[in-house]
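2 protein chains.
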Amino acid sequence: MTRSVFVINAGSSSLKYQLVDVDSGRALAGGLIERIGETTGEAKHEAPGIETVVERRMISDHEHAFGWLLQQFDRHGPSLDGAQLLGVGHRVVQGGARFDRAVRIDEDVQQQIEDLAPLAPLHNPANLQGIRSARATFPGYPHVAVFDTAFHLTIPPAAHRYAIDARVAAEHRIRKYGFHGTSHQFVSRRLAELLGRPLDEVNSIVLHLGNGASATAVRGGRSIETSMGMTPLAGLVMGSRSGDIDPGVIFHLHRMAGLSVDEIDTLLNKRSGLLGLTGTGDMRDVLQAADAGIERAVEALEIVGHRLRGTVGAYLAHLGRTDAIAFTAGIGENAARVREVALAGLEGLGIVLDPERNAGRGERRISADGSAIEVWVVPTNEELEIARQVADLVG
Amino acid sequence: MTRSVFVINAGSSSLKYQLVDVDSGRALAGGLIERIGETTGEAKHEAPGIETVVERRMISDHEHAFGWLLQQFDRHGPSLDGAQLLGVGHRVVQGGARFDRAVRIDEDVQQQIEDLAPLAPLHNPANLQGIRSARATFPGYPHVAVFDTAFHLTIPPAAHRYAIDARVAAEHRIRKYGFHGTSHQFVSRRLAELLGRPLDEVNSIVLHLGNGASATAVRGGRSIETSMGMTPLAGLVMGSRSGDIDPGVIFHLHRMAGLSVDEIDTLLNKRSGLLGLTGTGDMRDVLQAADAGIERAVEALEIVGHRLRGTVGAYLAHLGRTDAIAFTAGIGENAARVREVALAGLEGLGIVLDPERNAGRGERRISADGSAIEVWVVPTNEELEIARQVADLVG
Ligand SMILES: Nc1ncnc2c1ncn2[C@@H]1O[C@H](COP(=O)(O)OP(=O)(O)O)[C@@H](O)[C@H]1O
Ligand SMILES: Nc1ncnc2c1ncn2[C@@H]1O[C@H](COP(=O)(O)OP(=O)(O)O)[C@@H](O)[C@H]1O
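The listed protein sequences correspond, in order, to chains S and A. In terms of my numbering, the first sequence is residues 762 to 1156. In terms of my numbering, the second sequence is residues 762 to 1156.
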């Protein structure tokens, strides 16, 4: 008998869903509805054993999107009735200093997610729209919010506070929240399993490298430091985001280049990172260009590698003793060359890759046998992690 | 016979000078003129064997300040004629991507320092005023510019480039320049002497912790990474500067707190760091408060320590193999507690302090005998470094 959770990730104009079998971890169905509210939306529904449905049509709002997806389950399957639905899990980006774990959604929780909107103006309102529509669509089921930030609430003040005016920070809730928490939690837990050791004895560094990228230092299953900050702009070099940069650059750009704050925001969030350095934000293209000897792609990889090495070094210091490093997400799982530059020259710190293992595929150890710190590729699965947290809470 | 250099550090409303015996390294005289241009200036002149002169009086401009100091040498000594002056050394903050070493000043160099003013709007124009006045005051001598940034020009692109739009960066000369270079150079060189090894074989981390603070990774006498950025705002927690912070915080403060760019600039540069966290920017007061158990001072020290440990870890990674770490400047030389928190928990990385040595005074090793990486306190002497570079160039 299946026990399943319906997992929802709602953006301002998109809706991603997955029906997850919590016990096997398998996706029973999934889909993506894009350009909601525009005249030409696109909707996709897929499941093992059925032909993928793709429709181009106008989808006016999130409620309409849910109507569409219910129809697909009805028409093409799988049957939601047969899926033994335990509840609905919602990815919520910003849980602030309040939510340190998944929580059952009620009016009060919705209000709190709304109160946190100033800290995630692009995400929380959209997540909330998804929650409202989903509660109308699946009225009989428990709904659970799973926060991107929750896993990082164990980060101590020494690491989550910025060195700014303490009253200003308190008034405007300025601190490091961190993101990708669901992924870091999933991967660090899986890593402990793979090492065959109890979670609370394993110290690890998780490098989640996707379009967004972040690193987390995990001590005994708890996040103690992460590279994103109050917003997802800080830290590593990303697809289109700069990651860390001297804040003085912003003042300089404002004064000398005459850019407005909004323009600089767009510059650093949307036109920087790989995109700003090379003209493409897609790592596959950057790697291809680097292989072809294109200078700016080669240099971009060096910048990416330098930033990663510095972060790994910093986290080795924060952890004191590190058992393993895990790479995950689109780049982390698939780009051997990035993993190589990320750890190049760290042999003296006990980190030695095995080139052949690094060139392989799938979940595996990629460090050499003599490496004091093991290195692994661990595919992430945020939907499964959300489903499990929902099941734990309501199952 | 003495060979001396007159060293000048000109701020917009201040003038610091020192007459340095380049061979012995001793200061033959020194002074500080403050609040130039205001109605109540203050001027001090001191030298071994003479009573310190302190005058409160109006000093209208830098030329006037030079007039005053010449008078003091005339009246109270020491005699400038007897000092066998080789030349005059000027501290210049921003040398851009152009000046990788000290350079003899001519009209062309002055023009280039002026062209770099947009990158150091508070400093280069003042440095230039000092240069102009000094050339008028000491017309017969070679004048040399010694740049805070020069030592860091060896930092490779992977470390000095930000991950932003490459054209914007090129157009506005946005990159990491780094500062305190004269100090980092002096200390890393002295450290190699103390280790009894050739400079080009020593890898070190220098922690310059004063009101401004920066860390540098030095490989074989060359800077390969530093914590300050395009401006001196980036990196470590400082007296009144935040150091690193999620750039997204700036956008948030602008939108949510309604602060202007100038106000945020002031907040991060003048009201942050120790001052913002505790109410005082002076580390002595913070340490006293922490000893008295005042919570916000204890927490500030933890934030300072966390940032330092992360930086040390990052530089261990960048260096691959590290021989020694040196603490310098006001805090680095004098605050045993800060050195302790900076390296706490790094035993696993081969760094072990000896508490008794750490509690001592003066230039010395403070690591335990078994520490794989040696740790030293090395008092900095930027005036002497400037004097030596002048002597090397013109002597
Ligand atoms: N085979 C591959 N080799 C290199 N990079 C890859 C590969 N597959 C995907 N990527 C990269 O992964 C990134 C997207 O990762 P992903 O985790 O899907 O991002 P996100 O979930 O943050 O949108 C893109 O930069 C893409 O180029
Ligand atoms: N004995 C001491 N113990 C602790 N901190 C000290 C001591 N002496 C000086 N400091 C600190 O050193 C800092 C100033 O360092 P300094 O190198 O003179 O700064 P800068 O040259 O950048 O202005 C101040 O925070 C001061 O409190």
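Even glycine gets a Cβ: it sits at the ideal position worked out from N, Cα and C.
Residue i CB to nearest chain S CB: under 9 Å?
{"i": "P1008 (chain A)", "result": "yes"}
{"i": "G1131 (chain A)", "result": "no"}
{"i": "R1045 (chain A)", "result": "no"}
{"i": "A1051 (chain A)", "result": "no"}
{"i": "V1073 (chain A)", "result": "yes"}
{"i": "G1004 (chain A)", "result": "yes"}
{"i": "A1061 (chain A)", "result": "yes"}
{"i": "L914 (chain A)", "result": "no"}
{"i": "I794 (chain A)", "result": "no"}
{"i": "K805 (chain A)", "result": "no"}
{"i": "K777 (chain A)", "result": "no"}
Between residue i and chain A, is the shortest Cβ-Cβ distance under 9 Å, so that the two count as touching?
{"i": "P918 (chain S)", "result": "yes"}
{"i": "E962 (chain S)", "result": "no"}
{"i": "G1054 (chain S)", "result": "no"}
{"i": "G1066 (chain S)", "result": "yes"}
{"i": "L1028 (chain S)", "result": "yes"}
{"i": "L968 (chain S)", "result": "no"}
{"i": "V854 (chain S)", "result": "no"}
{"i": "I1025 (chain S)", "result": "yes"}
Could you tell me which of the options sits nearest to residue i, measuring between CA atoms?
{"i": "L970 (chain A)", "options": "A:I811, A:A1103 and A:Q832", "result": "A:A1103"}
{"i": "D961 (chain S)", "options": "S:I1055, S:V854 and S:G982", "result": "S:G982"}
{"i": "H837 (chain S)", "options": "S:A790, S:H851, S:V849 and S:Q872", "result": "S:A790"}
{"i": "L950 (chain A)", "options": "A:T977, A:G1040 and A:A1075", "result": "Here residue 950 (chain A) turns out to be Arg, not Leu, going by the sequence shown. Cα-wise, what sits closest to R950 (chain A) is A:T977."}
{"i": "T1039 (chain S)", "options": "S:D1026, S:A1053, S:V1059 and S:N1030", "result": "S:V1059"}
{"i": "D842 (chain A)", "options": "A:G1106, A:F899, A:E1143 and A:L994", "result": "A:F899"}
{"i": "L1107 (chain A)", "options": "A:R1070, A:I1127, A:N1119 and A:N1030", "result": "A:R1070"}
{"i": "W1137 (chain S)", "options": "S:A911, S:R1126 and S:L1145", "result": "S:R1126"}
{"i": "L846 (chain A)", "options": "A:Q855, A:D784 and A:V870", "result": "A:D784"}
{"i": "T910 (chain S)", "options": "S:A1097, S:V853, S:L952 and S:R922", "result": "S:V853"}
{"i": "Q832 (chain A)", "options": "A:G857, A:L1062, A:R934 and A:K805", "result": "A:K805"}
{"i": "T1041 (chain S)", "options": "A:I925, A:G772 and A:Y778", "result": "A:I925"}
{"i": "F827 (chain A)", "options": "A:T800, A:Y1076, A:G856 and A:Q890", "result": "A:Q890"}
{"i": "I811 (chain S)", "options": "S:R817, S:S840 and S:I794", "result": "S:S840"}
{"i": "Y902 (chain S)", "options": "S:Q1049, S:V768 and S:G1066", "result": "S:V768"}
{"i": "L880 (chain S)", "options": "S:R862, S:A931 and S:A863", "result": "S:A931"}
Can you pull the chain S neighbours of residue i, defined as C-beta to C-beta under 8 Å?
{"i": "H945 (chain A)", "result": "Simply none; closest approach about 18 Å."}
{"i": "H851 (chain A)", "result": "The premise fails here: H851 (chain A) is roughly 24 Å from chain S at the closest Cβ pair, so nothing lies under 8 Å."}
{"i": "L1107 (chain A)", "result": "A1078 and G1081"}
{"i": "H933 (chain A)", "result": "H1013, L1014, M1017 and A1018"}
Just the chain S side, please: which residues come within less than 9 Å of residue i by C-beta, in chain order?
{"i": "L1048 (chain A)", "result": "The premise fails here: L1048 (chain A) is roughly 16 Å from chain S at the closest Cβ pair, so nothing lies under 9 Å."}
Output, in chain order, the set of chain A residues within a Cβ distance shorter than 8 Å of residue i.
{"i": "D861 (chain S)", "result": "By Cβ distance, chain A contributes nothing, its closest Cβ being about 20 Å from D861 (chain S), past 8 Å."}
For residue i, return the contacting residues in chain A, with the cut-off set at a CB-CB distance below 7 Å.
{"i": "S1033 (chain S)", "result": "A924, I925 and D926"}
{"i": "R1057 (chain S)", "result": "A927"}
Under 7 Å between beta-carbons, which chain S residues line up against residue i? List them in chain order, please.
{"i": "R1070 (chain A)", "result": "A1078 and H1079"}
{"i": "L1038 (chain A)", "result": "A924 and A927"}
Ordered list of beta strand (DSSP E) runs contained in the segment 823-893 of chain A, each at least 3 residues: 846-853
For the segment 1083-1104 of chain S, enumerate the residues whose C-beta is nearer than 7 Å to any C-beta of chain A, in chain order. none
At a CB distance below 7 Å, what residues from the segment 865-891 of chain A approach chain S? Give them in sequence order. P879
When Cβ atoms are compared, which residues of the segment 980-1002 of chain A fall closer than 7 Å to chain S? G990, M991, T992, L994, A995 and V998
Compile a chain-ordered list of the residues in the segment 1010-1021 of chain A whose CB is closer than 7 Å to at least one CB of chain S. The segment 1010-1021 of chain A vs chain S, Cβ under 7 Å: V1010, I1011, F1012, H1013, L1014, H1015, M1017 and A1018.
Could you give the uninterrupted runs of the beta strand (DSSP E) lying entirely in the segment 963-1024 of chain S, keeping only those of 3 residues or more? 964-970, 974-980 and 983-987
Could you tell me which whole alpha helix (DSSP H) segments of length 4 or greater appear in the segment 763-796 of chain S? none
Output needed in chain order: residues of the segment 947-960 of chain A with a Cβ under 7 Å from some Cβ in chain S. none
Please identify, using Cβ separations under 8 Å, the residues of the segment 1109-1135 of chain A that lie next to chain S, in order along the chain. When CB distances to chain S are screened at a threshold of 8 Å, the residues of the segment 1109-1135 of chain A falling below it are G1109 and L1110, in chain order.
Give the list of continuous beta strand (DSSP E) stretches no shorter than 3 residues that lie fully inside the segment 1094-1155 of chain S. 1135-1138
Please specify which runs of the alpha helix (DSSP H), each continuous and at least 4 residues long, are wholly inside the segment 930-959 of chain A, giving them in chain order. 942-956
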